[in-house]
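Visitor:
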DNA sequence: CGAAATTTGTTGCATTTGTAACGATCGGAT
DNA sequence: ATCCGATCGTTACAAATGCAACAAATTTCG
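Residue numbers (the numbering used here), protein chains in the order written: chain A, 499 to 646; chain B, 499 to 646.
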C-alpha cells in the first residue's frame with residue numbers, strides 16, 4: 499500500500515534533495531563567484547588541487563564528481579588565470595600533472611576559511627541533535643547510493 | 499578552531515548535498531525519461547498539476563521551485579503533447595489557468611506509483627534509525643534555509 | 001612483436017539553462 | 001479617469017552542459 503495515487507511533491511525525497519542542494523549551492527556559490535568570479539567547476543577544481551596537491555585531470559574528476567569535459571574546461575580557465583600549471587608526465591605522455599601555482603594556492607587559502615565559515619553558519623542554527631541527524635542522514639543516503 | 503587552512507571536499511556540506519541530489523535525481527530521472535521522454539521541468543509541472551489540480555504558471559513555479567522560464571517552456575511542451583490545457587482567466591487576462599487533460603492525468607497516474615516505488619527502494623535499504631535521521635536531517639536543513 | 005582494445009583529454013555540436021528585456025495587463029494613488 | 005509601478009508570461013540572447021567523435025598514447029593479449 500505504499501503507492502497512493504497522488505504524490506506530495508514537497509515530501510518526495512528526490513525533490514527535497516534537489517531543492518536543498520540548489521538552495522545551499524546557490525548561497526555558497528555567491529561567495530566564490532562574487533569574490534573571485536569562479537564558476538562551480540572551477541571552484542571544485544581549485545578545492546581538489548588545494549586538498550590533494552598534484553594530480554591528473556581524471557583524478558580530479560573522480561575526487562570532485564565532475565565529468566571530464568567540465569574538468570577540461572575548468573583547467574583551461576584556471577590556467578589562463580595563472581592559478582594552475584600543467585606538467586608533462588614522463589611516465590605517461592597522454593596526461594599532464596596539474597598543480598596550483600602560488601597565486602592559486604593563495605586564492606585557495608582565502609577561500610577555505612570562507613567555506614568553513616559558511617558551513618558553520620549553517621550548522622550553528624541547529625541544535626546538537628539536529629546536527630547529528632543531518633550528518634547521520636547524509637551518511638545513510640550516501641551508503642545506500644554506493645550500494646546501488 | 500573551525501577554519502583550518504585545508505578543506506576536505508568530501509566532508510563539505512554543500513558538496514555532499516550536491517553529490518547526493520545529483521545521484522538520486524539522475525536515477526529517478528531515468529524513470530520518467532525512459533518511460534515518457536519527459537525532462538525534469540516537465541515532470542515537475544506534471545507532478546504539480548497532478549497534485550493541486552488547476553493553477554497558474556506562477557503558482558506552479560512556487561510549488562515546484564522552478565524559474566518562470568522553465569515553467570513556461572514545460573507548459574509549451576506538455577501542451578503540444580496534449581497533456582495540458584490552458585484556459586483564460588476571466589478575472590485576470592494576463593494569466594491562464596493550467597490543468598491536465600485526461601491523457602495528462604493518465605500519465606500522472608502511471609508515474610506516481612513509480613515515484614513512490616523509487617522512494618521505497620531507497621528507504622528500504624536503511625534501518626529504521628537511519629530513516630529517521632534522513633527525515634530529521636532534511637527537516638533541520640529545510641528549517642535553517644527558510645530562516646535564512 | 002604487433003593488432004586490437006582501452007585510456008586520456010580536447011573539441012564540435014546540440015540541448016538546457018539563466019538573465020534581461022519586452023508587451024500586455026492589473027492595481028493603487030491621485 | 002489616468003498615470004505609475006508591479007505582476008504575468010514569453011522570447012531573444014548568451015553561457016553552461018552533456019554527448020559523441022576524435023587523436024594520441026598506452027595496455028592487453030595472441
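The C-beta atom is built at its ideal place from N, Cα and C for all residues, glycine as well.
Would you kindly check if the distance between the Cβ of residue 595 (chain B) and the Cβ of residue 537 (chain B) is under 8 Å?
Guide: Contact flag unset, no.
Visitor: Let me see if you follow: with CB-CB separation under 8 Å, is residue 512 (chain A) close to chain B or not?
Guide: It does; some Cβ of chain B falls within 8 Å.
Visitor: Below 8 Å CB to CB, which residues in the same chain sit around residue 587 (chain B) once its five sequence neighbours on both sides are set aside?
Guide: Around residue 587 (chain B): 554, 593, 594 and 595.
Visitor: Just to confirm the assignment, what range does the beta strand (DSSP E) spanning residue 506 (chain B) have?
Guide: Here residue 506 (chain B) belongs to no beta strand (DSSP E), and DSSP marks it neither H nor E.
Visitor: Ends of the beta strand (DSSP E) at residue 583 (chain A)?
Guide: Residue 583 (chain A) -> beta strand (DSSP E) spans 582-586.
Visitor: Please give the ranges of any alpha helix (DSSP H) in the segment 566-615 of chain B, keeping only runs that are unbroken, at least 4 residues long and fully inside the region.
Guide: Entirely contained in the segment 566-615 of chain B, the alpha helix (DSSP H) runs reaching 4 residues are, in chain order, 566-578.
Visitor: Within a Cβ cutoff of 6 Å, which residues of the same chain sit near residue 613 (chain A), ignoring the five residues on either side of it in sequence?
Guide: Around residue 613 (chain A): no qualifying Cβ.
Visitor: Using a beta-carbon distance cut-off of less than 8 Å, what residues from the segment 548-564 of chain A approach chain B?
Guide: Listed by position, the residues of the segment 548-564 of chain A near chain B (Cβ gap below 8 Å) are 548, 549, 561, 562 and 563.
Visitor: Taking the C-alpha atoms as reference points, what is the distance between residue 631 (chain A) and residue 525 (chain B)?
Guide: In a straight line, the C-alpha of residue 631 (chain A) is about 24 Å away from that of residue 525 (chain B).
Visitor: Who are the neighbours of residue 585 (chain A) on chain B, taking C-beta pairs under 7 Å?
Guide: Those do not exist, as residue 585 (chain A) stays about 22 Å from chain B at its closest Cβ, beyond 7 Å.
Visitor: Hey, would you say residue 451 (chain A) sits closer than 8 Å to residue 598 (chain A), going by beta carbons?
Guide: It is not possible to answer for residue 451 (chain A), since the shown part of chain A is limited to 499 through 646.
Visitor: Excluding the 5 residues flanking residue 529 (chain B) on each side, which residues of the same chain have their C-beta closer than 8 Å to its C-beta?
Guide: Once the five neighbours on either side are set aside, the close Cβ partners of residue 529 (chain B) are 609, 612, 613 and 616.
Visitor: As a quick exercise: from B:643, B:638 and B:633, pick the residue whose alpha carbon is nearest that of residue 510 (chain A).
Guide: That would be B:633, whose Cα lies nearest to the Cα of residue 510 (chain A).
Visitor: With 16 as the cutoff for other CB atoms within 10 Å, does residue 625 (chain B) come out buried or exposed?
Guide: The residue is exposed, with fewer than 16 neighbouring Cβ atoms inside 10 Å.
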